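According to numbering that gives the first Met the number 0, the residues represented by the sequence shown are 0 to 470, in order. Glycine included, each C-beta is placed from N, C-alpha and C at the ideal position. Model, not experiment: these values are computed from the prediction. This report refers to the structure that appears directly beneath it.
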Amino acid sequence: MSIEMRQQLQAVMQVKVTPKQIAANYILQMSSVELQEAIAEELEENPALEMQELSACPICGSPVSGNYCTECMPSKNQGEDGASGVSTDDLPGDGATRLREEADEFDPIARAEADFTLEDHLTWNLHALLPTRLHPVADHVIGALDSNGFLTETDEEIAAGTGLEVADVEQVLAAMQGLEPIGIGSRSITESLLAQIDYLATEGGAEIPVHAVEVVKEHLADLGERRFREVAAAVGATQREVVAVWEFVKGNLNPYPTAAFTAAISGDSARTLIRPDVLIRDIDGELTVEVVESRRFSLQVAPIYSSLSSTLRSADTTEDEKQHVRQYVGRAKFFIDNINRRRATIQRIAEALVDRQHDYLLHGVQHLVQLTRAEVGELIGMHESTVSRATAEKYVMIPSGEVVPFSHFFTASLGVKDQIKRMIEAEDVGHPLSDQEIADALAGDGIALARRTVAKYRDELQILPARLRHR
Numbered sequence: 000m001s002i003e004m005r006q007q008l009q010a011v012m013q014v015k016v017t018p019k020q021i022a023a024n025y026i027l028q029m030s031s032v033e034l035q036e037a038i039a040e041e042l043e044e045n046p047a048l049e050m051q052e053l054s055a056c057p058i059c060g061s062p063v064s065g066n067y068c069t070e071c072m073p074s075k076n077q078g079e080d081g082a083s084g085v086s087t088d089d090l091p092g093d094g095a096t097r098l099r100e101e102a103d104e105f106d107p108i109a110r111a112e113a114d115f116t117l118e119d120h121l122t123w124n125l126h127a128l129l130p131t132r133l134h135p136v137a138d139h140v141i142g143a144l145d146s147n148g149f150l151t152e153t154d155e156e157i158a159a160g161t162g163l164e165v166a167d168v169e170q171v172l173a174a175m176q177g178l179e180p181i182g183i184g185s186r187s188i189t190e191s192l193l194a195q196i197d198y199l200a201t202e203g204g205a206e207i208p209v210h211a212v213e214v215v216k217e218h219l220a221d222l223g224e225r226r227f228r229e230v231a232a233a234v235g236a237t238q239r240e241v242v243a244v245w246e247f248v249k250g251n252l253n254p255y256p257t258a259a260f261t262a263a264i265s266g267d268s269a270r271t272l273i274r275p276d277v278l279i280r281d282i283d284g285e286l287t288v289e290v291v292e293s294r295r296f297s298l299q300v301a302p303i304y305s306s307l308s309s310t311l312r313s314a315d316t317t318e319d320e321k322q323h324v325r326q327y328v329g330r331a332k333f334f335i336d337n338i339n340r341r342r343a344t345i346q347r348i349a350e351a352l353v354d355r356q357h358d359y360l361l362h363g364v365q366h367l368v369q370l371t372r373a374e375v376g377e378l379i380g381m382h383e384s385t386v387s388r389a390t391a392e393k394y395v396m397i398p399s400g401e402v403v404p405f406s407h408f409f410t411a412s413l414g415v416k417d418q419i420k421r422m423i424e425a426e427d428v429g430h431p432l433s434d435q436e437i438a439d440a441l442a443g444d445g446i447a448l449a450r451r452t453v454a455k456y457r458d459e460l461q462i463l464p465a466r467l468r469h470r
């Protein structure tokens, strides 16, 4: 037997994540507050980076000089050309002050910069989902949540406190538990985790480990203590299967619902100031998109470092000086490029959302269509993970003036539930629609839902099955 050694070239495709990509993704996923902190830190550490605070008119967005906008404030000489001839001297009190007050009144940013809490988020969504008569129950339930998002009252106590029936309370809770953060309104960690598992299985398309539900429901304490052998024996599983459940819970679930939300729910807790990252405006029926941070600041390489960079070949420049300039100028350009990439990515995603959710933005929540981050990514040629990073912990001011999280656009069940509810309300009571007939009707509108998902949404709306609705 002979042994022959040969060299052979083989082309192999590999995806490598570069340090630049890591840095870009890190900037992309930051909230507006985190971005401000990162910019402040970079400005402190890098003398070659400079920030210019942009002074823009809050009404029209044009550059302003001092307190005056040349586009919005007529000049004193305009009267000669047949214009109004109004100047700041003609206004009661101080003209500049008056202009600032009017600017504040119309500024959508100033109007939006208010406390946005989990309470606000739940109130807005529940009032959109539920009939008006149940709004007091929804408000009571929200008020009965503790700081972790767990419900502290029984259904009977809530019913007694609102003067309505237990069935009404159950309808409100079913609607709440379909909202993000998943698990909100549960009464225990176990209940919260089970709700999240159910959501991931039915909505997220996740592969749930074998025995996950049983282990979480019956042996959560032992799982937390990593007593894998005891849990495996109790549920008739292998130790490896129990470890898989533990890893799934640790990596995908959150025991405390409010931890998944950035704002505090309790009035005694610190309240987070939410500024919209994106403005969507309705201008004569045309929806426009603006990434707000572009009007708040502009980053540039400091002029003195730009000048030094162009003279590096001078004989008077030492190697240490050259290295210093190259290092900091390169770092500044890299940081600015990542900020610009972030803005462009958010802009593209927001424009795609406007295109797909156009009717919702103009006509209300009943027109919210089923949409996933993967679908948006496919529309604009981005990976789903990029869309997730770009929209995480970011907010949009919609034409109605409300500030909603980006995740609101992906709450597929919100609009679909409303459609199911309206279809059932309009059905022939002598021939009520079956879950399959509802699924078929939704498919005709371009919404693909399995019959069991329709049944799940119907149950959450506290609507009886077709055989029990027949009259």
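Cβ-Cβ separation, residue j to residue i (assumed contact under 8 Å), whole Å
i: L117; j: T344; result: In fact, because the Cβ distance is near 27 Å, the residues do not count as touching under 8 Å.
i: A174; j: L125; result: 6 Å
i: G142; j: G182; result: So it is not a contact: roughly 18 Å between Cβ atoms.
i: E43; j: A301; result: That pair is no contact at about 13 Å.
i: T310; j: T317; result: Contact doesn't hold; Cβ gap of about 13 Å is too wide.
i: Q51; j: S387; result: Their Cβ separation, rounded to whole angstroms, is 31 Å, which puts Q51 and S387 out of contact at 8 Å.
i: S406; j: T257; result: Rounded, the Cβ-Cβ distance is 15 Å, inconsistent with contact.
i: V214; j: I196; result: About 10 Å separates the two Cβ atoms, so there is no contact after all.
i: A236; j: H210; result: 5 Å
i: V453; j: I419; result: 7 Å
i: R186; j: L163; result: Not quite, the Cβ-Cβ distance comes to about 20 Å (not below 8 Å), so this is no contact.
i: V368; j: I348; result: Incorrect: roughly 16 Å between the Cβ atoms, too far for contact.
i: R488; j: V428; result: In the structure displayed, the chain extends from 0 to 470; residue 488 sits before or after that span and is not available.
i: I397; j: L352; result: At roughly 10 Å, the Cβ-Cβ gap does not stay under 8 Å, so I397 and L352 are not in contact.
i: M29; j: A37; result: 6 Å
Beta-carbon spacing of residue i, residue j below 7 Å
i: R342; j: S293; result: yes
i: E289; j: L278; result: yes
i: P208; j: V244; result: yes
i: R450; j: D434; result: yes
i: Q176; j: A194; result: yes
i: A22; j: Y304; result: no
i: L222; j: V230; result: yes
i: L252; j: L192; result: yes
i: V136; j: V171; result: yes
i: V248; j: F227; result: no
i: S306; j: V328; result: no
i: H139; j: T161; result: yes
i: D358; j: H366; result: yes
i: L460; j: K416; result: yes
i: Q346; j: F408; result: no
i: V291; j: D276; result: yes
i: I437; j: M422; result: yes
i: N45; j: R330; result: yes
i: P431; j: R372; result: no
i: I338; j: P254; result: no
Residues that residue i bridges to, as DSSP identifies them
i: P404; result: Y394
i: T371; result: None; T371 has no bridge partner.
i: T287; result: R280
i: M175; result: M175 is not bridged to any residue.
i: E484; result: Since the first residue of the chain shown is 0 and the last is 470, residue 484 is not available in this structure.
i: L144; result: L150
So within the segment 179–266, which uninterrupted alpha helix (DSSP H) runs reach at least 4 residues, ignoring any that extend past its ends?
188–201, 211–223, 227–234, 238–251
Just checking, does the segment 376–393 make contact with the segment 328–339 on the three C-beta pairs under 8 Å criterion?
no
Does the segment 154–165 come within contact of the segment 391–409, defined as at least 3 CB pairs closer than 8 Å?
no
For the segment 301–386, which segments carrying the alpha helix (DSSP H) assignment without a break, of at least 4 residues, lie completely within its bounds, in sequence order?
302–308, 318–355, 357–362, 372–379
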